[in-house]
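Report on one structure; see the data block that follows.
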Amino acid sequence: VQFGQGHSIRHEDYTAAAEMAVRDALWHNSLTVAEAFGFSKEAMIIEVEVGVQRPEEVDVERIIKVFPYGRPSVRVVHGGLDIPKPHRDGLNIIANAAVTVRWAPRPGHGVPVKRAGQRHRGISTIPASRVGRCRDAHS
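Using this note's numbering, you'd call the opening residue of the sequence shown number 137 and step up by one each time.
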């Protein structure tokens, strides 16, 4: 998960602030991690959550276009800040974004599971073919 912040100081544009927040989050991380793990960039599942004071004013399609590849989904929620300008009418708009990247498990590869009795956050894998049989054993 990466976090970003964006703003619209002159135009009171919630979409522009949201786009800037998403781009800021992306600058904190490189989406080339896909290749390091043998996944295609197009297979990335990208989940975006953006907070602004007026979610209904954000053009979600413009946010999706920020991503050059992957399968982005965008959820806009109430958040961010609208700060009145001190010496004239209008608002300074601030948006916050969280961007999460993941991949669906590939057939035949292990999926992460938490082992019963683990005292730390260690993750192990089991073959995907055994997931259905193991769920109840560790609940």
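Yeah, the Cβ is synthetic: ideal placement off N, Cα and C, and Gly gets one too.
Helix, strand or coil at residue i according to DSSP, with G and I counted as helix
i    : result
E148 : coil
A234 : strand
V202 : coil
D160 : helix
T191 : In the sequence as displayed, the identity of residue 191 is Pro instead of Thr. Reduced to three states, the DSSP call for P191 is helix.
Q141 : strand
Which listed residue (the options) has its alpha carbon closest to that of residue i
i    : options                   : result
W163 : S209, A153, A170 and Q138 : Q138
E197 : D218, E148 and S209       : S209
D160 : A240, N232, R238 and H147 : N232
R238 : G140, G142 and I181       : I181
R146 : V158, A234 and I219       : I219
E185 : A154, G206, Y205 and R207 : A154
I199 : K221, M156, P222 and R190 : M156
P204 : P241, V158 and A240       : V158
Y150 : H223, E183 and P191       : P191
D225 : V194, G142, E148 and G140 : E148
Inter-residue CB distance, residue i and residue j (contact presumed, cutoff 8 angstroms)
i    : j    : result
I229 : V202 : Contact doesn't hold; Cβ gap of about 17 angstroms is too wide.
E276 : T236 : What the structure shows of the chain is the stretch from 137 to 275, and residue 276 is not part of that stretch, so it cannot be assessed.
- Message: Would you call the segment 209-219 in contact with the segment 171-179, where contact means no fewer than 3 C-beta pairs closer than 8 angstroms?
- Response: no
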